[in-house]
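Numbering (the working numbering), first residue to last: 166 to 423.
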């Protein structure tokens, strides 16, 4: 009699197990659709690397972006980098115009009423749009180039240097056709010109990426307040000397007619 009773219990447990699977299987299938699974399979990490080249007060900012995985569809996509320039740096709009004419970079200032002569403490943060180009040496890479320059800073009482933090940019992407990576990493939409010389605006996707470096820290030499009297005296002396020499040369070699 024990064996039939055990068989009944086994059959009952099997029926309960199948009922549980029927109850929960639709919910699982709803949350994991074949489309979502395919998107997750094609998702790849976007890597951004920001480097500051050269020495001195005039630097070059180089930004490289690398997409992993299959990127055949990237040929239909454009990449726009929105770089925020802190008050300690400036970008010369006239220099950008010259670089655009020579086809070296595709960048344009966003900020208006921009003063390149203002010192650090009288300037404001600015924005630059850089249309990145595909890297000829890397099939799934983009790169952008931007010249930046240091502003003058207030002198310090003790330390003869200060630091400028250049934050990572916003990475915007626009594709002519639907691209799986947009669903993976798109966070929001941003309105920006479709191309450098275009008056039309497009809805760009603000992309989530992984940065090689958190931020770029730039070291800037500054003057010391204890040298103020010496610097002013020497500057005034040289100014008077040069002015006197110019006046002497004018009266000695100049031709005056009434």
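For every residue, glycine included, the Cβ atom is placed at its ideal position computed from N, Cα and C.
Note that the structure is a prediction, hence the values are computed from the model and not measured.
inquiry  = Please classify residue 313 as buried or exposed, where buried requires at least 16 other C-beta atoms within 10 Å of its C-beta.
reply    = It counts as buried.
ask   = Nearest CA to the CA of residue 292: which residue from 266, 325, 282 and 272?
value = Looking at the Cα atoms, 272 is the closest of the given residues.
ask   = Does the beta-carbon distance from residue 320 to residue 393 come in below 9 Å?
value = Taking the C-beta atoms as reference points, residue 393 is found nearer than 9 Å to residue 320.
request  = Give the DSSP-derived three-state secondary structure of residue 327 in the structure shown.
outcome  = In this structure, residue 327 counts as strand in the three-state DSSP scheme.
task = State the Cα-Cα distance for the pair residue 208 and residue 311, rounded to the nearest angstrom.
result = The alpha-carbon atoms of residue 208 and residue 311 are separated by roughly 30 Å.
task = Please classify residue 233: is it buried, with 16 or more other beta-carbons within 10 angstroms of its beta-carbon, or exposed?
result = If you draw a 10 Å sphere on the C-beta of residue 233, you find fewer than 16 other C-beta atoms in it, and that means exposed.
query = Secondary structure at residue 378, three-state DSSP: helix, strand or coil?
reply = Residue 378 falls in the coil class under three-state DSSP.
request  = Look at the Cβ atom of residue 221, then the Cβ atom of residue 327, and state whether they are nearer than 9 Å.
outcome  = It is not a contact, given that the beta carbons lie outside the stated cut-off.
query = According to the neighbour-count rule (16 or more other Cβ atoms, all chains shown, within 10 Å of its Cβ), is residue 306 buried or exposed?
reply = It counts as buried.
request  = Could you tell me which residues DSSP pairs with residue 231 in its beta bridges?
outcome  = Per DSSP, the beta-bridge partners of residue 231 are 212 and 306.
key: Nearest candidate by alpha-carbon position, reference residue 231, set 239, 225 and 224   = When each option's Cα is compared against that of residue 231, the closest is 239.
query = Do you know how far the Cα of residue 405 is from the Cα of residue 266?
reply = Distance between the alpha carbons of residue 266 and residue 405 is about 42 Å.
query = What span of residues does the alpha helix (DSSP H) with residue 407 cover, start to end?
reply = According to the DSSP assignment, residue 407 belongs to the alpha helix (DSSP H) that extends over 393 to 418.
task = Give the C-beta separation of residue 335 and residue 229 to the nearest angstrom, bearing in mind that I take them to be a contact with Cβ-Cβ under 8 Å.
result = Not a contact, Cβ separation roughly 16 Å.
ask   = Are the segment 348 to 357 and the segment 369 to 379 touching, with three or more C-beta to C-beta distances below 8 Å?
value = In this structure the segment 348 to 357 lies against the segment 369 to 379, because at least three pairs of beta carbons, one per stretch, are closer than 8 Å.
query = Got a sec, what are the start and stop residues for the beta strand (DSSP E) residue 291 sits in?
reply = Element bounds for residue 291: 291 to 296.
Beta-carbon proximity check, residue 337 vs residue 244, cutoff 9 Å = Taking 9 Å as the Cβ cut-off, residue 337 and residue 244 qualify as a contacting pair.
task = Mind checking who residue 247 pairs with in its DSSP beta bridge?
result = Looking at the DSSP assignment, residue 247 forms a beta bridge with 294 and 335.
inquiry  = Quick check on DSSP: helix, strand or coil for residue 361?
reply    = Three-state DSSP puts residue 361 in coil, outside helix and strand.
task = Could you check the C-alpha separation between residue 420 and residue 414 for me, to the nearest Å?
result = The straight-line gap from Cα to Cα measures roughly 11 Å.
Rounded separation between residue 215 and residue 411 - CA only = Their Cα atoms are separated by approximately 48 Å.
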